[in-house]
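*Asks:* I have a structure I would like to understand better, so I am pasting it below and will then ask my questions one at a time.
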Amino acid sequence: MSDHDYVPKSKFGKWFNDRLPLLTLGNHLTDYPTPKNLNYWWTFGGILSFCLIVQIITGLTLAMHYIAHADLAFESVEHIMRDVNYGWLIRYIHANGASMFFLAVYIHIFRSLFYGSYKSPREIIWIIGIIIYLLMMAAAFMGYVLPWGQMSFWGATVITNLFSAIPFIGEGIVQWLWGGYSVDNPTLTRFFTLHYLIPFLILGLVVLHIWALHVPGNNNPIGIDIKKPSKDTVPFHPYIVIKDGFALLMFTIVFAFFVFYSPNILGHADNYIEANPMVTPAHIVPEWYLLPFYAILRSVPDKLMGVVAMLSAILVLAALPWLDTSKIRSAIFRPLYKQFYWILVIDVLILGYVGAMPAEGLYLLIARVATAYYFIHFLIILPVLGSKEKTIPLPLSITEPVLEATLSSATIREKESLN
Amino acid sequence: MSEKKTKRREFLYTASYAVGAVGVGAVVWPLIDQMNPDASVKALASTEVDVSSLEPGKAITVLWRGKPVFIKRRTPEEIAEARAVKMEELKDPQKDEDRAKDPEWLVMLGVCTHLGCVPLNDKGDYNGWFCPCHGSHYDTSGRIRKGPAPTNMEVPKYEFVNTNTIKIG
């Protein structure tokens, strides 16, 4: 990389940069050599940064009007919706922003799964990503509690009770989390504090995520190691900036559609009823982005094992770089993995669907099969595939297949002219 | 360095770390313990309930420590049903006699032992309670019969202050 040779043009710039090399960092980010074959699935990193910033800004402004107290929280949210200038807009952006954040993160994760971006030397990037994902779930869950509606209250009750599955100390941990004998005001105030804190933790981890990314550089659709900089790369600015910007524009159209045309479609009507510890809603369902894990939780008939299965479903992802034993990154060159990949996508979608349905009869059976398959994919199929699969030969560089194609078509034309 | 000196240095390191660890623990514990139930929460430990208007077969739900408590005045049929159950059939074996001191009155936390939802009265396959969240069925003694809940609904500490009043807690 040319970072170390960078010298600012202006005299002041040079003076400043010698004392704090911010301009060197800026130069590194603009010149950063990026594989030139990155497709639109790679734009979700930028989109996710956007989502985080949107959540932080709208969250800060909401916090200026929200009151974290069991008696006042529900009313203060209605106050935001009805009285505060543009309060409805800010709250709808924040609430739907969470869903958009998860939509983008799922695409981002499944892109990594398809192109093998988690493989050596990018394991640390991947693990930091999984930690960010866990923190996102924690932040989303606690944020959902803050309006203190029926779903807030009972969602909080069910999720905190997961800890009671821990043998011996479980009950004590749950009371410690609650600050009482049930979800109540102390729970609300601490959830508000943590909900406020987590986005900044995520922000810090995002910096590490990008830092770790910039060491080996981006993976790319054909998943081969490339020389940087070379004819296989383009500078981040303007090429990737423009591509990311265009993708972000498309993404904000979807975002705006939800905010302006169906702001409540991803929520639950029950959450517009104030929290009542005496009545459980007939059907408790978490937000859509947690449904696959909820389905796994419910598919196990034992309480402790259900919780263990749900946590394992997330933690197995952290071990993915070592479970997938194939040296080939991109699914493009792995004909069998490509098929299993799509089966996994369908499996997760099915889990999401049954997670929203009552846990009985056929739904329960489907949930159990899908849960079993989820673990089979990671724990059996991937390790075995690494040695058994016959992969397609990799090109030597990103440009090679392109050049070869032009070369061969040129030869064909030559032959034709001869005839 | 002589061996004696090395040993002395190692001892000093270990001792310093140990003192440091105690110091860190002493600072961290208050920060952790502040999250436990506080004095004002603990102060609301008991509730008195007037049950004079409750007719046989009916149940009321009262709030105790932020949690619902079911008080059910059982009919003779319900008592008979609860007492006829064989212990082998139960996931969490407990005699009805141990759960209801006075067989007519069943007092228990209205909290599903699975994940803490409030079960619905007079529902489910065993004529007792049914939890709508994850499908746990309880019998007329509040014992788990079917579904993911691991244990029976908990019976809190309670007593009859007089014939009409129950004190919970």
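Chains V and Z, in that order, are what the protein sequence lines are.
The first sequence begins at 1 in the working numbering and counts up one residue at a time.
The second sequence begins at 1001 in the working numbering and counts up one residue at a time.
Heads up, the beta-carbon is just placed ideally off N, CA and C, and yes, glycines get one too.
#1: Residues in the same chain with beta-carbon distance under 6 Å from Met1 (chain V), minus the five sequence neighbours each way, listed in chain order, please.
#2: So Leu266 (chain V) packs on Met137 (chain V), CB below 8 Å; how close in whole Å?
#3: Nearest to Glu1097 (chain Z) by CA position, among Z:Leu1106, Z:Glu1089 and Z:Lys1091, is which residue?
#4: Report yes if the C-beta distance between His214 (chain V) and Gly129 (chain V) is below 8 Å; otherwise report no.
#5: Please name the residue or residues paired with Lys1146 (chain Z) in a DSSP beta bridge.
#6: Taking all protein chains shown into account, do 16 or more other C-beta atoms lie within 10 angstroms of the C-beta of Trp178 (chain V), making it buried, or fewer, making it exposed?
#7: Does the beta carbon of Lys1067 (chain Z) come closer than 8 Å to any beta carbon on chain V?
#8: State the Cα-Cα distance for the pair Ile343 (chain V) and Ile398 (chain V), rounded to the nearest angstrom.
#9: Could you tell me the distance, in whole angstroms, from the CA atom of Lys1095 (chain Z) to the CA atom of Asp184 (chain V)?
#10: With H, G and I counted as helix, E and B as strand and the rest as coil, what does DSSP make of Asp3 (chain V)?
#11: What does the alpha-carbon distance come out to for the pair Tyr66 (chain V) and Ile80 (chain V)?
#12: Give the straight-line distance between the Cα atoms of Leu23 (chain V) and Asp31 (chain V), rounded to the nearest whole angstrom.
#13: Identify the continuous beta strand (DSSP E) that holds Thr233 (chain V) and give its terminal residues.
#14: Going by DSSP in three states, Ala1106 (chain Z) sits in which element: helix, strand or coil?
#15: Have a look at V:Ser299, V:Val259, V:Ile346 and V:Phe236 and flag the residue whose alpha-carbon is nearest the alpha-carbon of Met37 (chain V).
#16: For the region 1029-1040 of chain Z, which residues have a CB atom closer than 9 Å to at least one CB atom of chain V, in sequence order?
#17: Leaving aside the five residues before and after Phe163 (chain V) along the sequence, list all residues of the same chain whose C-beta is less than 7 Å from its C-beta, in chain order.
#18: Do the CB positions of Lys119 (chain V) and Arg329 (chain V) come within less than 8 Å of each other?
#19: How big is the Cα-Cα spacing for Asp3 (chain V) and Gly217 (chain V)?
#20: Identify every run of the beta strand (DSSP E) within the region 215-263 of chain V, keeping only runs that are complete inside it and at least 3 residues long; order them along the chain.
#21: By how many angstroms is the C-alpha of Ile350 (chain V) removed from the C-alpha of Ile376 (chain V)?
#22: CB-CB under 7 Å to Phe125 (chain V), same chain, minus the five flanking residues each way: which ones, in chain order?
#23: Which two residues bound the contiguous beta strand (DSSP E) that contains Lys1091 (chain Z)?
#24: Tell me whether Asn17 (chain V) is buried or exposed, calling it buried when 16 or more other Cβ atoms sit within 10 Å of its Cβ.
#25: Output needed for Pro1156 (chain Z): all residues of its chain with C-beta closer than 8 Å, excluding positions within five of it in sequence on either side, in chain order.
#26: Short of 6 Å in beta carbon distance, which residues of its chain neighbour Ala309 (chain V), apart from the five on each side in sequence? Order them along the chain.
*Replies:* Reading off the structure:
#1: For Met1 (chain V), the predicted structure reports a pLDDT of 44, less than 50, and the residue's modelled location is therefore unreliable. The matter cannot be settled from this model.
#2: Going by Cβ atoms, the distance from Leu266 (chain V) to Met137 (chain V) rounds to 16 Å, so no, they are not a contact pair.
#3: Closest by alpha carbon: Z:Leu1106.
#4: no
#5: Z:His1137
#6: Classification of Trp178 (chain V): buried, given that the 10 Å Cβ count is 16 or more.
#7: yes
#8: Those two C-alpha atoms are separated by around 28 Å.
#9: Asp184 (chain V) has its alpha-carbon roughly 33 Å from the corresponding atom of Lys1095 (chain Z).
#10: Note that Asp3 (chain V) has pLDDT 48, beneath the 50 cutoff, so the model's placement of it is unreliable and no number is given.
#11: 7 Å
#12: 12 Å
#13: Thr233 to Pro235
#14: Residue 1106 (chain Z) is actually Leu in this sequence, not Ala. Correct three-state label for Leu1106 (chain Z): strand.
#15: Per the sequence shown, residue 37 (chain V) should be read as Asn rather than Met. Answer by Cα proximity: V:Phe236.
#16: Ile1032, Asp1033, Gln1034, Met1035, Asn1036, Pro1037 and Asp1038
#17: When the five nearest sequence neighbours on each side are left out, the beta carbons in the same chain lying within less than 7 Å of the beta carbon of Phe163 (chain V) are those of Gly170, Ile173, Val174 and Leu177, in order along the chain.
#18: yes
#19: At Asp3 (chain V) the pLDDT is 48, less than 50, meaning the model places this residue with poor confidence; the figure from the coordinates comes in the next sentence. Going from the Cα of Asp3 (chain V) to the Cα of Gly217 (chain V) covers about 14 Å.
#20: Segments of the beta strand (DSSP E) lying fully in the region 215-263 of chain V: 233-235.
#21: Approximately 16 Å, taken between the alpha carbons.
#22: In the sequence on display, residue 125 (chain V) carries Ile and not Phe. Only His209, Ala212 and Leu213 meet the Cβ criterion.
#23: Premise fails: Lys1091 (chain Z) is in no beta strand (DSSP E) and is neither H nor E.
#24: buried
#25: Correct list, in chain order: Trp1064, Val1069, Val1107, Met1108, Leu1109, Ile1168 and Gly1169.
#26: Ile296 and Val300
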